Each structure stands twice: as C-alpha cells, then as structure tokens.
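Asker: For the record, the sequence lines run as chains A and B.
Each step along the first sequence adds one to the number in the numbering used here, with nothing skipped, and position 157 is 157.
So the number in the numbering used here is just where the residue sits in the second sequence, counting from 1, plus 259.
Ideal Cβ placement from N, Cα and C applies to all residues, glycine included.
This one's a predicted model, so the numbers in the text were calculated from it and none came from an experiment.
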Amino acid sequence: MEREVILESQSVTKHFGGLAAVEKVNMKIYQGEILGLIGPNGAGKTTFVNIITGMIPITSGKVYFKGRDITGWPAYKVGRIGIARTFQIVKPFRGMSVRENVAVGAMFGHTGHTRSSKEALEKVDELIDFVGMSHLKDRYADELTIPYLKRLELAKALAMEPELLFLDEVMAGLHTKEIESAMALVRKINERGVTLLVIEHVMKAIVGITNRVFVMNFGQELAQGTPEEVLNHPVVIKAYLGEKFAQRHMKQKAVAAKV
Amino acid sequence: MNVEEKKAPIRITRFDGLFRGRQRLLSGLSGVLFAFLFIFPLFASGFWLNTLTSLLLLAAMAEGWNFIGGYTGYAAFGNVAFFGIGAYGTALSMTKLHWPFFPGMIVGVAAAVAFAIVFGLPILRLKGHYFAIATVALATATGEVANSWTSFTGGSAGITLPFFHPMQLSGQYFYYLSLLLVVFGLFLTWYIMKRKLGYSWVAVREDEEAANMMGINTTWAKVTAFALSAVMAGFAGGIYAYWRTFVLAEEVFKIDYTLQMILATVFGGPGTIFGPFIGAFIYYILVTILVFFLPIGQLHATLLGTIIILVMVFTPKGIMDFISGKRKLTWRALLENVRIYRV
Ligand SMILES: Nc1ncnc2c1ncn2[C@@H]1O[C@H](COP(=O)(O)OP(=O)(O)O)[C@@H](O)[C@H]1O
Ligand SMILES: [Mg+2]
Numbered sequence: 001m002e003r004e005v006i007l008e009s010q011s012v013t014k015h016f017g018g019l020a021a022v023e024k025v026n027m028k029i030y031q032g033e034i035l036g037l038i039g040p041n042g043a044g045k046t047t048f049v050n051i052i053t054g055m056i057p058i059t060s061g062k063v064y065f066k067g068r069d070i071t072g073w074p075a076y077k078v079g080r081i082g083i084a085r086t087f088q089i090v091k092p093f094r095g096m097s098v099r100e101n102v103a104v105g106a107m108f109g110h111t112g113h114t115r116s117s118k119e120a121l122e123k124v125d126e127l128i129d130f131v132g133m134s135h136l137k138d139r140y141a142d143e144l145t146i147p148y149l150k151r152l153e154l155a156k157a158l159a160m161e162p163e164l165l166f167l168d169e170v171m172a173g174l175h176t177k178e179i180e181s182a183m184a185l186v187r188k189i190n191e192r193g194v195t196l197l198v199i200e201h202v203m204k205a206i207v208g209i210t211n212r213v214f215v216m217n218f219g220q221e222l223a224q225g226t227p228e229e230v231l232n233h234p235v236v237i238k239a240y241l242g243e244k245f246a247q248r249h250m251k252q253k254a255v256a257a258k259v
Numbered sequence: 260m261n262v263e264e265k266k267a268p269i270r271i272t273r274f275d276g277l278f279r280g281r282q283r284l285l286s287g288l289s290g291v292l293f294a295f296l297f298i299f300p301l302f303a304s305g306f307w308l309n310t311l312t313s314l315l316l317l318a319a320m321a322e323g324w325n326f327i328g329g330y331t332g333y334a335a336f337g338n339v340a341f342f343g344i345g346a347y348g349t350a351l352s353m354t355k356l357h358w359p360f361f362p363g364m365i366v367g368v369a370a371a372v373a374f375a376i377v378f379g380l381p382i383l384r385l386k387g388h389y390f391a392i393a394t395v396a397l398a399t400a401t402g403e404v405a406n407s408w409t410s411f412t413g414g415s416a417g418i419t420l421p422f423f424h425p426m427q428l429s430g431q432y433f434y435y436l437s438l439l440l441v442v443f444g445l446f447l448t449w450y451i452m453k454r455k456l457g458y459s460w461v462a463v464r465e466d467e468e469a470a471n472m473m474g475i476n477t478t479w480a481k482v483t484a485f486a487l488s489a490v491m492a493g494f495a496g497g498i499y500a501y502w503r504t505f506v507l508a509e510e511v512f513k514i515d516y517t518l519q520m521i522l523a524t525v526f527g528g529p530g531t532i533f534g535p536f537i538g539a540f541i542y543y544i545l546v547t548i549l550v551f552f553l554p555i556g557q558l559h560a561t562l563l564g565t566i567i568i569l570v571m572v573f574t575p576k577g578i579m580d581f582i583s584g585k586r587k588l589t590w591r592a593l594l595e596n597v598r599i600y601r602v
C-alpha cells in the first residue's frame, strides 16, 4: 500500500550569496512517520527547515503540503496550515510565563482560530504536564535552564496542534537520561498522530526513534534509507568521519565480518 | 549538573510580562492619583489646571506610545506626527468645513490612523535603530509639509480655531476631556492585553521570528499597535488644538513631545497598563525640579534625549523598579543592560 505524502520538496535550493546552503533537495515525508534528518554541521539541515517553514525566501524549487503548493508562503500562514517547528537556538518569549508561552501556540497555531486567549490559557495545562513542566507553569521563561527551554520549545510547537512537526536538535546538550525521556516524548508525540521530521546529532536517538533517515551533506542529499542502512553506508561514514577514518572503519568491519 | 544551574543567573530586568507583579503597585498608585485628579478642579484653576491638562495629554500620548514601544518593542521616535496630524485635522475641519469640535476631532484621529497605516506598513519592516531613524525622519518631514503647504495649513501663520463657549468653563472642560482620554487609554490597554492582539504584540517584542512561526501575522500586529498609538496621540492633538485655539506646525510637530512620551513610558514602566500614566507624573515632577534648580528655563530636546539614554541604560524597565526595590544601580547591571539592549 502506498502511504500518503504529507510534505514534498522538489528541487528545493537556497543560495546565500555564492554559498549553496541547500541544493536541489527532493524529500518526501509520509503521513504518520518519523523521518530523521542527519548530516554534519553546516550541511544545510536548519536552512532546509527555514525554507519549508517560510522563514527565509526560497531561491528555487517547490514545496507541497498535502498536495498544496505552499512555496513562498509567509511563516505565519505555514504555521496556521498545520506545520510547526522548534528552534535549534531556543526562542522563548522571555517576558511571558511558561503558560503564556505555550498558550500563544494554542491561540495562533493550526487550530488557533477556534479559541479565545482565555480558552487557550486554560487548554495548555495538559500539554505542560505532557512535557513535564507542570511545576514551572507560572514561572517566567527567563528563569528556565536550557533543558527546560528545549521542552518549552516543544510545548509551544505542540500547542499549535500541527500535523507535521520539525524538531531541530531538541536533544543537543542533554544528558543521557534526559535524552531517553526526550526520545520517549517524541514517540508519544508521534502516537498522537503527528508526523515528525527530526534533526539530530545523537545517533542513538536517530536509531531509536526514526523509521527512515535522510542524510544531507554540503546542502545536497547524500543517502536515504532505514537507520541501519544509512548509518553503515560508506558515503555517510566518510561524510561524518572523514576519508581516512572511513577507510579504517570499513576495513575493521570487513575483518570483523570474516571472523 | 548543568552549566546553567551552577550559579543563579543575574536577575536581569527586562520589560514586564503581560501582568507581572509590579502591576499591583502601579494600579494602587493610580487609584490614589485618580481620586485626586477627579476632584482637583474643585480647588484649583488657572495655571495649575492648565499644567495638569498638559500632563494628562502627555499621559494619554504615552499610553499610546506604550502600545508600539512598550508592548510591541518598536522604538518609535516619531509619534508626535500623530499628535500634529490630529491637531491639524481638527483645526482644518473646524475652520474650513465649519464642523463642530467632536466630528472635527474624529477627522483628525482618522487622518492620524490612516497616516500610521500607510507609512507603518513600509517602515515597520525595519528593525532597531533603522526603524527609530525612519520614524524621526517621517515626523520631521510631515512637520515640514505642514509648515510649508501655506494654501492648506496656513503655513507659518498657523490656524486660529473658534473659542470654546462658555469661556469661563473652558479650563474645566478641557481638563475633564483630557482625563477622560487618559481613562479611555487605560481601559483600551487593559482590554487589548487580555486578548489575542495583546499576546501577539508581546510575542513580537520578545521574538518576532518565533511569533511569526507560531501563526502570528506580525505585520498586522505591528501595524495595529502603531495605528492605536496614533489614535491616542490623534485625540490628544485634537483636544490640544481646540484648547489652545491655535495650531502651528513648529509647535505641534516638535520632537520634544515624542521624547516626553517615551520618557513618561520608560519612567513608569513600558509594557505595563498604568506605567505611562504614572510616568507622566514622574516626568512632570522631575522637570519641575530640574527647571527650578538648573538655570535653563526649559528642557531642550538634547537634554531630554540624554535623559532617555541614561534611563534606558540604567533602568530598561522604568524607575518604578527602584521604588519597588527590585533593582539596584550597579555597574554590573549597567553593563548587562548595555549588552542586552545594545544601547
Ligand atoms: N542566514 C544565513 N546567511 C548566510 N549563510 C548562512 C545563513 N544561514 C546558514 N548559512 C550557511 O548555510 C550553511 C548551512 O547551515 P545550516 O543550515 O545551519 O546547517 P546545519 O543546520 O545542517 O548545521 C552553513 O554553511 C551556514 O554557514
Ligand atoms: Mg542546524
């Protein structure tokens, strides 16, 4: 059975002056999946998300959301149609309480038009519980530590009730234990029916939660496949570890395979 | 343990949230002030009544500036243009069309709002000091037009308006009208800040990109804040014109008025409901003291500008923070402010 495509990018390209930050990327995200997006620093992952979400203008290419051409839409329209994201460098509303921060998502996001500010403020309790911040509800965002700011990013995006959610390195800087709870959280989000694109450097997390992985390098697609396929692919190892390491790594694997 | 948790961060005071603690202190103070203001004309007239009317008009304009500068976080340095347009719109309607005062004032306010929308759309795309400079330039240019378009505005001869009747009630009339405008401004602020529009303003102030991504039409948020600040200043201009019965471009487009609005808001606490109102009093008291002790006769724009910079650097949340003991004057706090606000 062919699964439904929720988002499709066709030849999406972004040039910053002479730099091709994203070059002709064709990506399909299927309804209900967790797609991993990996690649070395500077590969263009964040830029790709910035283009799709309308935060920066596209140089060329097309973006379709549920078959609808959303190329060049302003970010707020993309947010309202059912796409949400977190920011790698967190962007809390510092002068608002945790509750207000999250409620903004419920006021203006995918389903925002259906409720007033008061209804939104009342509605977000459950969500703040869900990300484990109920004891911090009435604290101001500028009082939070980084791990909680990352959770707040997540809660704000979820409050928009998106169909598609981009997570940009939400696990960076977390400890092993925090990563495990974050992984559980991502799975639970997916179980709620949200399709996810997860950008992550923590390979354990990629292997643990994604169904499929898309690899970028120098702005281009490098490989696609299941986490196991992709992470053992020589090209991918080379991109991550460099030529010499890759050769050594492959030799070791070959030796190990013989034995 | 996390790096962030190792030591408690320095308490950096930023602009207030929607209803952060200080609001209660401010509203208490405001209650006392209102009781006083309401009965004031019973025992005062002449000079003091006029002074308080000017103060109330400043408070009303500061309430308007608070929408764009305090809540939305855009350093608008040209709000006097709305005041001037409100004054001219009222004066022209009353003299050329012979309209009564209230419809005339509505024309002035409508003109100020239209101006805010038409010019707000392009200049609200600018950020930080670019926006600030654009607003100064816009206000200055508008004043120049009013000054030189002699056939329409009377140019440097100004416009003389009809007198208010009966004359002996004029003082009280404009005083209470200004007080009403201030109360309207407070109500408007309270009303908006409970609603989605208020949240969209604060979201834009705190992080415009994030606000946009979360479904907020940030252009709409900024333009409404700008236009509603024009409503307040436009009304103030209309009242001013009829009260003084004379409108002159050099006077009603003076940058000093903009600086006063900003100072009043910043003194009392930007992004709070009662801050601009309280701040207008603080401003008048400070000016009175300064004029008394300094041999200058009046405060010039340069001095006002210098005070703005000092206040922004030392107390970005308004001097109410000193009074409530939340903030101390230290070099460390000063440097933090410089870093955060890039002043
Ligand atoms: N606004 C920008 N202006 C210029 N260059 C940029 C901008 N944003 C990103 N880049 C460049 O684009 C490339 C891709 O960056 P990014 O998308 O952040 O990579 P990743 O998220 O994969 O680490 C980098 O070389 C980065 O320096
Ligand atoms: Mg990135």
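Could you check where the beta strand (DSSP E) with T195 (chain A) kicks off and where it finishes?
Answerer: T195 to I199
Asker: Within the continuous beta strand (DSSP E) that includes T13 (chain A), where are the two ends?
Answerer: V5 to F16
Asker: On the three-state DSSP scale, how would you describe A334 (chain B)?
Answerer: Residue state, collapsed to three classes: coil.
Asker: Helix, strand or coil, according to DSSP, for F297 (chain B) in the structure here?
Answerer: In the structure shown, F297 (chain B) adopts helical secondary structure according to DSSP, grouped into three states.
Asker: With ligand 1 as the reference, list in chain order each residue whose Cβ lies under 5 Å from any of its heavy atoms.
Answerer: A:F16, A:A21, A:N41, A:G42, A:A43, A:G44, A:K45, A:T46 and A:T47
Asker: Taking beta-carbon pairs under 8 Å, can you tell me which members of the stretch 458-483 of chain B lie near chain A?
Answerer: Y458, S459, V461, A462, R464, E465, D466, E468, A469, A470, N471, M472, M473, G474, I475, N476 and T477
Asker: Does the distance between the C-beta of Q31 (chain A) and the nearest non-hydrogen atom of ligand 2 fall short of 8 Å?
Answerer: no
Asker: Sort B:V339, B:L438, B:A346 and B:Q427 by Cα distance to A396 (chain B) and report the nearest one.
Answerer: B:V339
Asker: Exposed or buried, what is D69 (chain A) when buried is set at 16 or more other beta-carbons lying within 10 Å of its beta-carbon?
Answerer: exposed
Asker: Spell out a yes or no on whether the stretch 417-431 of chain B and the stretch 518-538 of chain B are touching, meaning 3 or more CB-CB pairs, one atom from each, closer than 8 Å.
Answerer: no
Asker: Anything in chain A within Cβ reach of R454 (chain B), meaning under 7 Å, just list it in chain order.
Answerer: S117
Asker: So, is D129 (chain A) buried or exposed, given that buried needs 16 or more other C-beta atoms within 10 angstroms?
Answerer: Of the other Cβ atoms in all chains shown, fewer than 16 fall within 10 Å of the Cβ of D129 (chain A); this residue is therefore exposed.
Asker: Please determine whether the Cβ atom of Q519 (chain B) lies at a distance below 8 Å from any heavy atom of ligand 2.
Answerer: no
Asker: By the 10 Å Cβ neighbour count, where 16 or more other Cβ atoms means buried, how is A157 (chain A) classified, buried or exposed?
Answerer: buried
Asker: What does T210 (chain A) touch in chain B if you count any residue whose Cβ is under 9 Å from its own?
Answerer: Chain B residues near T210 (chain A): none, gap ~23 Å exceeds 9 Å.
Asker: Around the C-beta of F411 (chain B), are 16 or more other C-beta atoms found within 10 angstroms, so that it is buried, or is it exposed?
Answerer: So F411 (chain B) ends up on the exposed side.
Asker: Using a Cβ cut-off of 9 Å (strictly closer), state whether G530 (chain B) contacts chain A.
Answerer: yes
Asker: Pick helix, strand or coil for I58 (chain A), following the three-state DSSP scheme.
Answerer: coil
Asker: Would H110 (chain A) pass as an interface residue toward chain B - the criterion being a Cβ-Cβ separation below 9 Å?
Answerer: At a cut-off of 9 Å between beta carbons, H110 (chain A) contacts chain B.
Asker: Is T419 (chain B) helix, strand or coil when you go by DSSP?
Answerer: DSSP places T419 (chain B) in the strand class (E or B) of the three-state scheme.
Asker: Using a beta-carbon distance below 9 Å, is K150 (chain A) in contact with chain B?
Answerer: By this cut-off, K150 (chain A) is not an interface position.
Asker: Quick check: what's the CA-CA separation for G32 (chain A) versus A334 (chain B)?
Answerer: 45 Å
Asker: When the cut-off is 9 Å and only beta carbons count, does Y76 (chain A) lie next to chain B?
Answerer: yes
Asker: Give the secondary structure of F130 (chain A) by DSSP, where H, G and I count as helix, E and B as strand, and everything else as coil.
Answerer: DSSP places F130 (chain A) in helix when its eight states are reduced to three.
Asker: Buried or exposed for A416 (chain B), going by 16 or more other Cβ atoms inside 10 Å?
Answerer: exposed
Asker: Tell me the rounded alpha-carbon separation between I189 (chain A) and L121 (chain A).
Answerer: 21 Å
Asker: With Y30 (chain A) as the anchor, note down where its beta strand (DSSP E) starts and where it stops.
Answerer: L19 to Y30 is the span of the beta strand (DSSP E), which, as asked, contains Y30 (chain A).
Asker: Of the choices B:M472, B:A391 and B:V368, whose alpha-carbon is the least far from that of A159 (chain A)?
Answerer: B:M472
Asker: Using 8 Å for Cβ pairs, my map puts I29 (chain A) next to I6 (chain A). What's the rounded Cβ distance?
Answerer: 5 Å
Asker: Closest Cβ-Cβ distance between G72 (chain A) and chain B: below 9 Å?
Answerer: no
Asker: Going by beta carbon distance, what residues of the same chain come within less than 6 Å of I451 (chain B), once the five residues before and after it are set aside?
Answerer: G457
Asker: For chain B, check one thing: does any of its Cβ atoms lie closer than 9 Å to the Cβ of G18 (chain A)?
Answerer: Taking Cβ atoms only, chain B never reaches closer than 9 Å to G18 (chain A), which makes this a no.
Asker: From which residue to which residue does the beta strand (DSSP E) around N476 (chain B) run?
Answerer: Per DSSP, N476 (chain B) belongs to no beta strand (DSSP E) and is neither H nor E.
Asker: Would the C-beta of Q88 (chain A) count as close to ligand 2, meaning under 8 Å from any of its heavy atoms?
Answerer: yes
Asker: Does the Cβ of A375 (chain B) have 16 or more other Cβ atoms within 10 Å, making it buried, or fewer, making it exposed?
Answerer: buried
Asker: Do we get a CB-CB distance below 9 Å when we pair A103 (chain A) with the residues of chain B?
Answerer: Answer yes: the Cβ-Cβ gap between A103 (chain A) and chain B drops below 9 Å somewhere.
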